[in-house]
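*Asks:* Residue numbers (the working numbering): 28 to 718. For each residue, glycine too, the CB sits at the ideal point set by N, CA and C.
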C-alpha cells in the first residue's frame, strides 16, 4: 500500500491537484455505485410483492392473541383506515413516524396502544420493558393462486399470527419461552436481527382484508427491532432474496479472507519476530473478521454481556490499528497519528467496554456514549484517510493512490452505514454494504503486506547474491594468500633443509674428508687412506638412505643403517644382536625426522666403538600401547657408565636431535641379564605427534 521511503521527484501543482481530485472523487463515486448496486440488486421490489410499511401497536403483552384487543381481525368491524395500511413501495413514506429515540426516562414517541409507526422500527428497552404486539393490515384484491412467502427481520424472538392463526415462531418450541426474556445480550447484537421466512398456503390468503399479528419478546440491550415484512408469491420473493445471498456470500468471503490473512500474518510474525508489522496487521485482519461474525453465526460465542464486549473492543482495536498501520506504512513523519491511535485505543477499550457491559444503546442519542462512539471513530478514520492521501500525494505512485482510495472508501462506507443504520435508523436497506468497507481494508492490508513480503524476499535474495560475491572475492584473496604462504613455507623449508644438509655434510662427510686430506699430506699408507675414503662414502650413503625414507618406517631406517655400518662394526670386533619387532609408522620420523634418528644411532654406535670396549651390541624395539610409545633399546656389553659421566658435545647433540623428533633419550645400566656391565641407550618415540 505504502512504502517506507518517499523518494519521489517533486510533482507539479497541476499533477498534485489532479491526484487530490482523484482521491476525493473516486471514493465518493465508488460509494455511489455501491449504493445503487445494493438498492437495485438487494431490495428491488417485484410487482406482486407487498411491503407492509406501517404497524399499529396493540395493548397488552399476553401470549394468546385472543387476549390482546386488535390482534384478531373482526369481520364486522369497518375496514382499516388508509393511513394505517396496507402495501407500500420500497421507498420510505413521505411523512414517516420517526424512530423512537428514547431517553432513560421519557420516550420521545408514545408507545400507547393504537399508535402507528413506520417500519423498520427500533424500540429501546427503556421504552418497552415487556413484550410488544403489532398489527399489520393488508388487502388482497384476488385470492392467492400459489404459495406465498412472508419474510420478516426482527429482534428479539417473534411469534407471528395470520388472522389469528399461528403460522411461525422464531423461538425454540411453540410460542413464547423464558429464553426470549433472559438472553438479552445475544438478542441485541445484530443490526438486522433475526430473519424469519414463512411459507403460507393459498388457502389462508383469500381475497379481502387480512391482519398479521406479531409478538416481540422483551427487548434486550439493543432494544427491539422490526423490519417491514415482505409478502408475495414464493418465486418473486425467491428472486428478491438472491441479492441477500450475494451479500451473505460477500460477508462469508470477507470474514474468511480476514481470518486466513490474519492467521498467516501472525504466523509470519511468530517465525520472524523482528517483522512485528506482520503481527499488527494480522491482529487488524482478525478483528475485522470478528466484526463480521455476528452476520454469519446463529448465536453468540460468549455469554452476555461478553460477546458484545468482544465485538465493541474489536471495533475499537481495528480502527486504532488502521490508523497506526497507515502512519507506519506511509513513510511520513506521523508520530502524532501513532499517539492518536494509542490514545484512542486506551480510551475506547475502557469507555466502549463499559458501555457494552452496562448495555448502553448505539441509537440512544440522549445518552452521551453514542456521540463519543461515532465521533471518535469518525475522527480516527478521517485521520487515517487524510494521512493516506498525504502519502499518496507525496509519492504519486499508483499503489499508494490505490491504498489511499481504499482507506477513504472504507471511511465513507462506515459513515454512510452509521448515518442510515444508527442515526436515521434505516438499517434494513443499507446495512449490507458495510461489508464493502471491511473487504477493501482486508484486501489492501493483504496486498500491502504481500508487497512487503515479496520486497523482503527480493532484498534477501539480493543480499545473498552480494554476500556470495563478497565471499567469493574473499575466498580468492585467501586462496592467493594461502598460495603465497605455501610458497613462502616451501622456500623456508627448503632453506632449512639445505641448512641441515650443509651442516650434516660439514659435521660428517666434511670432517672425514679433512682427516683424509691430512693423512694424505702426512704420507699415511694407502690402506689407511682407503679406509678414510670408505668412511666418507659410507657417511654419504647413510645420509642419502635417511633422506630416502620419509614415511616414518623405523624398521627400514635401522635396516639401512645396519647394512651401511656392518663392515665398520665387524672391523671393530662387534657382534650385532638384532631383535626388532613390528612397529607402526611413526609420524615424528617423517620427512627429515628419519635423518635425526640415524644420527642419534650413528653417534651411539660410534661411542660404543671408541669408548665402551664392548664385543656385542643388541638392537631391540617394542610398542608400549599404554603410554603411546615405541621403545628403541641399544645395549652393549662394554665397561658401562662412568660414575662421573659428563655430557660432552656428542651426548648433548644426541639429546637435541631427540627433542626435534619429540623423543625422550636415556642412558642407563642394562636391566636384563645375562649382560654384565655395559650401557643401555633407551629412546622413547611417540606414536602420535603432539601439536
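1) Is it true that the CB of residue 159 sits closer than 8 Å to the CB of residue 251?
2) In terms of residues, what are the limits of the beta strand (DSSP E) holding residue 693?
3) Within its chain, find whatever has a CB closer than 7 Å to the CB of residue 233; leave out the 5 residues flanking it on each side and keep chain order.
4) For residue 196, which residues does DSSP report across the bridge?
5) Using a Cβ-Cβ cutoff of less than 8 Å, which residues in the same chain neighbour residue 679 once the five nearest sequence positions on both sides are dropped?
6) Under 8 Å between the Cβ atoms of residue 384 and residue 332?
7) Below 8 Å between beta carbons: does that hold for residue 684 and residue 623?
8) Measuring only the C-alpha atoms, how far is residue 676 from residue 634?
9) Using only alpha-carbon positions, find the residue among 413, 405, 420, 414 that is nearest to residue 440.
10) Assign residue 245 to buried or exposed, taking buried as 16 or more other Cβ atoms, counted over all protein chains shown, within 10 Å of its Cβ.
11) Per the contact definition of three or more C-beta pairs closer than 8 Å, is the stretch 354 to 368 in contact with the stretch 416 to 428?
12) Shortest alpha-carbon distance to residue 225 belongs to which of 682, 75, 240, 179?
13) Count the other C-beta atoms from every protein chain shown that fall within 10 angstroms of the C-beta of residue 707, then say buried if there are 16 or more, exposed otherwise.
14) What span of residues does the beta strand (DSSP E) with residue 160 cover, start to end?
15) Can you look up residue 288 in the DSSP assignment and give me helix, strand or coil?
16) Out of 341, 647, 432, state which residue places its alpha-carbon closest to the alpha-carbon of residue 610.
17) Could you check whether residue 285 and residue 293 sit closer than 8 Å to each other, using their CB atoms as the reference points?
18) List the endpoints of the continuous beta strand (DSSP E) containing residue 251.
19) For residue 653 and residue 614, I'd like the C-alpha separation in whole angstroms.
20) Comparing alpha-carbon positions, which option in 231, 223, 470 lies nearest residue 280?
21) May I ask which residues mark the beginning and end of the beta strand (DSSP E) holding residue 646?
22) Pair every Cβ in the stretch 422 to 437 with every Cβ in the stretch 44 to 62, then say whether three or more of these pairs are closer than 8 Å.
23) Tell me whether residue 296 is buried or exposed, calling it buried when 16 or more other Cβ atoms sit within 10 Å of its Cβ.
24) Excluding the 5 residues flanking residue 353 on each side, which residues of the same chain have their C-beta closer than 6 Å to its C-beta?
25) Please name the residue, chosen from 288, 173, 315, that lies closest to residue 475 on a Cα-to-Cα basis.
26) Using a Cβ-Cβ cutoff of less than 8 Å, which residues in the same chain neighbour residue 473 once the five nearest sequence positions on both sides are dropped?
27) Does residue 44 pass the burial test, meaning 16 or more other C-beta atoms within 10 Å, or should it be called exposed?
28) Looking at the structure shown, is residue 92 part of a helix, part of a strand, or coil, going by DSSP?
29) Within 10 angstroms of the Cβ of residue 212, are there 16 or more other Cβ atoms? Answer buried if so, exposed if not.
30) With C-beta atoms as the reference, is residue 146 less than 8 Å away from residue 255?
31) Starting from residue 144, trace the beta strand (DSSP E) both ways and give me its first and last residue.
32) Determine the direct distance from the alpha carbon of residue 328 to that of residue 247, and round the result to whole angstroms.
33) Applying the 10 Å Cβ sphere with the 16-neighbour rule, what's the burial state of residue 491?
34) Where residue 350 and residue 438 are concerned, what is the direct C-alpha to C-alpha distance, given to the nearest angstrom?
35) Do you know offhand how far residue 75's Cα is from residue 265's?
36) For residue 320, which three-state DSSP category applies?
*Replies:* So, from the listed chains and residues:
1) Counting from one through the chain shown, the residue named residue 251 turns up at place 224. Counting from one through the chain shown, the residue named residue 159 turns up at place 132. The beta carbons of residue 251 and residue 159 sit closer together than 8 Å.
2) The count along the chain shown starts at 1 and reaches residue 693 at position 666. For residue 693, the enclosing beta strand (DSSP E) begins and ends at 691 to 695.
3) In the chain shown, counting from the first residue as 1, residue 233 sits at position 206. For residue 233, where only same-chain residues beyond five positions count, the Cβ hits under 7 Å are 170.
4) Sequence index remark: in the chain shown, residue 196 carries index 169 (1-based). The partner list for residue 196 (beta bridge, DSSP) reads 186.
5) Taking the first residue of the chain shown as position 1, residue 679 is located at position 652. Excluding sequence positions up to five before and after residue 679, its CB lies less than 8 Å from no other CB in the same chain.
6) Taking the first residue of the chain shown as 1, we reach residue 384 at position 357. Taking the first residue of the chain shown as 1, we reach residue 332 at position 305. Yes. Within cutoff.
7) Your numbering for residue 684 matches position 657 in the chain shown. Your numbering for residue 623 matches position 596 in the chain shown. Yes, these two residues count as a Cβ contact at 8 Å.
8) Position 649 of the chain shown, counted from the start, is the residue given in the question as residue 676. Position 607 of the chain shown, counted from the start, is the residue given in the question as residue 634. Spanning the two alpha carbons is a distance of roughly 12 Å.
9) Position 413 of the chain shown, counting from 1, holds the residue named residue 440. For the residues 413, 405, 420, 414, the minimum Cα distance to residue 440 belongs to 405.
10) The residue given as residue 245 occupies position 218 in the chain shown. Looking at its Cβ environment, which holds 16 or more other Cβ atoms inside 10 Å, residue 245 is buried.
11) Inter-segment contact for the stretch 416 to 428 and the stretch 354 to 368 is present: three or more beta-carbon pairs are separated by less than 8 Å.
12) Along the chain shown, one-based indexing puts residue 225 at 198. Selected option, being the one with the closest Cα: 179.
13) As a position in the chain shown, residue 707 is number 680, starting the count at 1. A residue is called buried once 16 or more other Cβ atoms fall within 10 Å of its Cβ, and residue 707 is buried on that count.
14) Looking up residue 160 in the chain shown gives position 133. Here the beta strand (DSSP E) through residue 160 covers 159 to 167.
15) On the chain shown, position 261 is the one that residue 288 refers to. Helix, per DSSP.
16) For this step, residue 610 is matched to residue 583 along the chain shown. Checked all of 341, 647, 432; the closest Cα to residue 610 is 647.
17) To locate residue 293, count along the chain shown from 1; it is residue 266. To locate residue 285, count along the chain shown from 1; it is residue 258. Result no, Cβ atoms of residue 293 and residue 285 do not sit closer than 8 Å.
18) Taking the chain shown and counting its residues from 1, one reaches residue 251 at position 224. Boundaries of the beta strand (DSSP E) around residue 251: 251 to 253.
19) Within the chain shown, numbered from 1, the residue matching residue 653 stands at position 626. Within the chain shown, numbered from 1, the residue matching residue 614 stands at position 587. Straight-line measurement puts the Cα of residue 614 at about 18 Å from the Cα of residue 653.
20) Position 253 of the chain shown, counted from the start, is the residue given in the question as residue 280. Here the closest residue by C-alpha is 470.
21) Position 619 of the chain shown, counted from the first residue, corresponds to residue 646. Segment 643 to 651, the beta strand (DSSP E) holding residue 646.
22) Below 8 Å, enough C-beta pairs join the stretch 422 to 437 and the stretch 44 to 62 to call them touching: three or more.
23) If you number the chain shown from 1, residue 296 lands on position 269. Buried is the call here.
24) Mapped onto the chain shown, residue 353 falls at position 326. Closer than 6 Å at the Cβ level, and outside the excluded window around residue 353, lie 411, 414, 415.
25) Reading the chain shown from its first residue, position 448 is the one you call residue 475. For residue 475, the nearest C-alpha among the options comes from 288.
26) Indexing the chain shown from 1 puts residue 473 at position 446. So the list reads 284, 288, 312, once near-sequence residues are dropped.
27) Stepping through the chain shown from its first residue, residue 44 is reached at position 17. That one is exposed.
28) Position 65 of the chain shown, counted from the start, is the residue given in the question as residue 92. In the displayed model, residue 92 falls within a helix according to three-state DSSP.
29) Taking the chain shown and counting its residues from 1, the one referred to as residue 212 is at position 185. Because residue 212 sits at a pLDDT of 34, beneath the cut-off of 50, its placement in the model cannot be relied upon, and the following sentence gives the value as read from the coordinates. Counting other Cβ atoms within 10 Å of its Cβ, residue 212 reaches 16 or more and is therefore classed as buried.
30) Walking along the chain shown from the start, residue 146 turns up at place 119. Walking along the chain shown from the start, residue 255 turns up at place 228. Their beta carbons are under 8 Å apart, which means residue 146 touches residue 255 by this criterion.
31) The count along the chain shown starts at 1 and reaches residue 144 at position 117. Counting along the chain, the unbroken beta strand (DSSP E) around residue 144 starts and ends at 143 to 145.
32) To locate residue 247, count along the chain shown from 1; it is residue 220. To locate residue 328, count along the chain shown from 1; it is residue 301. In a straight line, the C-alpha of residue 247 is about 17 Å away from that of residue 328.
33) Position 464 of the chain shown holds residue 491. Counting Cβ neighbours within 10 Å, residue 491 comes out exposed, since fewer than 16 surround it.
34) Along the chain shown, one-based indexing puts residue 350 at 323. Along the chain shown, one-based indexing puts residue 438 at 411. Answer to the nearest angstrom: the Cα atoms are 11 Å apart.
35) If you number the chain shown from 1, residue 75 lands on position 48. If you number the chain shown from 1, residue 265 lands on position 238. About 13 Å.
36) In the chain shown, residue 320 corresponds to position 293, counting from 1. Correct three-state label for residue 320: helix.
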